[in-house]
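Numbering (this note's numbering), first residue to last: 146 to 609. For every residue, glycine included, the Cβ atom is placed at its ideal position computed from N, Cα and C. Here is the structure we will look at.
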Ligand SMILES: Cc1ncc(COP(=O)(O)O)c(C=O)c1O
């Protein structure tokens, strides 16, 4: 804990020099910058000694929770032995071992692993590979990408172009051209023409319709020009949209029909978040590429990975063909050593099995919140949930911009944090609270999340 003088100096220094990501900096002109100094298990502490339940896993990252000395020691050991060497024409043992391990976990013939330093770079790499691949197999016009409305795929120019959030993109236009959006799988807000006579929407009908929109977009753009479709197993932005039954199976059929690559962007969903190594495994579909990052090291070091099918790798396996792409820190030795330790712990402590055993209890606990008038929908899978907030539950009416600003930025984010709960109040789509706790959380943590949410949301209702 920092004493008053040290706290004050840290605050001043943060205000003077640190530029926080996606942060309205003026919020901290007078308010304290929250400074997190340590963590243990599912909890973190700030510089004033206050304790918070980390219900977002940092940023969908901390699968094993905080403060594990085994992962820290794996990092230290590797740094002492070989702190850095690039993967540019050279290799090092932990990258080799990790590539083999991930290929073993990955579904089907996804046998080739290209390391990056994070998720956006994995997405960027996947688009570049898709374009490069089609040029090599005699379909040079195939370059466009289809992705879903409100989906987030990263901030680099290509990944941001694939992102479906206009508000994040406009200030950086013109971005990379050639990306197109299709509807996402938010069944809570399914188009009314899909509703049956009783007013409800059948999930399979909705899934079929949503998947077919991918074919409509491919046809509209011209099948000869479309290279890939990028989809998360469960879409995060907008507040956790799981796939309706049959959705991915139909998308796979469409991709096969038009020779379009299916990229499963699992930057959040991989490595246990949904109780499996990959979301594709949970929902039973075969991607051509998986992009991943975050939970691969449980956050003890930065790392991303693009996992590629034998078919896509094949043209690069011969002669002079080279994928002219890479990152200095992609597959950093310390990060790959940490990832290996992370997976060892997953296996030793049966982490995925634990998520599968407890996910029903997590859902059940969160669903208790549905009795609050402001909670419209609780949705997700595994340890990954979104809670949609509404103004009127019966009509599903959402908040307008000014109300959202007042509710989410003005009240909820701070009130939740003050209550000792770190999670995310997000209005990139309709207003939602996002939860992605460490995979080691149990019923006591679920109860604490529910109690704190209930208390703060009850206060929010009173403010409306
Ligand atoms: C689905 C998805 N793709 C890509 C990214 C970008 O990852 P990074 O922030 O590591 O670049 C994110 C980040 O949250 C993500 O959720």
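1. Whose C-beta lies closer than 6 Å to the C-beta of residue 197 among residues of the same chain, with five residues either side of it excluded?
2. Please tell me whether, using a cut-off of 7 Å, the distance from the CB of residue 413 to the nearest non-hydrogen atom of ligand 1 is below it.
3. Residue 587 to residue 597, Cα distance in whole Å?
4. Please classify residue 172 as buried or exposed, where buried requires at least 16 other C-beta atoms within 10 Å of its C-beta.
5. To which residues does DSSP link residue 529 through a beta bridge?
6. Does ligand 1 have even one heavy atom less than 7 Å from the beta-carbon of residue 188?
7. Which residue comes first and which comes last in the alpha helix (DSSP H) that contains residue 307?
8. Comparing alpha-carbon positions, which option in 191, 156 and 166 lies nearest residue 174?
9. Between the Cα of residue 555 and those of 399, 471, 376 and 609, spot the shortest distance and give me the residue it belongs to.
10. If distances are taken between C-alpha atoms only, which option among 160, 416 and 396 comes closest to residue 443?
11. Throw me the rounded Cβ distance for the residue 329 and residue 365 pair, which I believe falls under 8 Å.
12. In chain order, which beta strand (DSSP E) runs of at least 3 residues are fully inside the region 482 to 528?
13. Count Cβ pairs between the region 254 to 262 and the region 446 to 458 that sit closer than 8 Å; are there 3 or more?
14. Residue 463: buried (16+ other C-beta within 10 angstroms of its C-beta) or exposed?
15. At a cut of 8 Å, does the region 286 to 306 reach the region 335 to 345 through at least three beta carbon pairs?
16. Check whether the Cβ of residue 298 sits closer than 7 Å to any heavy atom of ligand 1, and report yes or no.
17. Which residue comes first and which comes last in the beta strand (DSSP E) that contains residue 326?
18. Going by the CB atoms, is the gap between residue 517 and residue 606 shorter than 8 Å?
19. Can you give me the Cβ contacts of residue 194 inside the same chain, cut-off strictly under 6 Å, excluding the 5 residues immediately before and after it?
20. Can you give me the C-alpha to C-alpha distance between residue 204 and residue 580, rounded to a whole angstrom?
21. Less than 8 Å between the C-beta atoms of residue 514 and residue 523, yes or no?
22. Measuring only the C-alpha atoms, how far is residue 290 from residue 270?
A quick look at the data gives this:
1. So the list reads 189, 565 and 567, once near-sequence residues are dropped.
2. Yes, the beta carbon of residue 413 sits closer than 7 Å to at least one heavy atom of ligand 1.
3. Each residue's Cα considered, the two are about 16 Å apart.
4. Exposed.
5. Residue pairing by DSSP puts residue 529 in a beta bridge opposite 526.
6. Taking 7 Å as the cut-off, the C-beta of residue 188 does not count as close to any heavy atom of ligand 1.
7. Run containing residue 307: 302 to 307, per the alpha helix (DSSP H) assignment.
8. It is 156 whose Cα lies nearest to the Cα of residue 174.
9. The shortest C-alpha separation from residue 555 is found at 609.
10. Scanning 160, 416 and 396 for the CA closest to the CA of residue 443 turns up 416.
11. Between residue 365 and residue 329 the Cβ distance is about 18 Å, and since that is not below 8 Å, they are no contact.
12. If we require 3 residues or more, the beta strand (DSSP E) runs fully inside the region 482 to 528 come out as 520 to 526.
13. Because the criterion of three Cβ pairs below 8 Å is met, the region 254 to 262 and the region 446 to 458 touch.
14. Label assigned to residue 463: exposed.
15. No: fewer than three Cβ pairs fall under 8 Å.
16. Ligand 1 has a heavy atom closer than 7 Å to the beta-carbon of residue 298.
17. For residue 326, the uninterrupted beta strand (DSSP E) segment begins and ends at 324 to 327.
18. Yes, they are a contact pair.
19. Excluding residues within five positions, the ones whose Cβ falls inside 6 Å are 146.
20. Approximately 10 Å, taken between the alpha carbons.
21. Inclusion of residue 514 and residue 523 in the CB contact set at 8 Å is warranted, their separation being smaller than that value.
22. So the two alpha carbons sit approximately 13 Å from each other.
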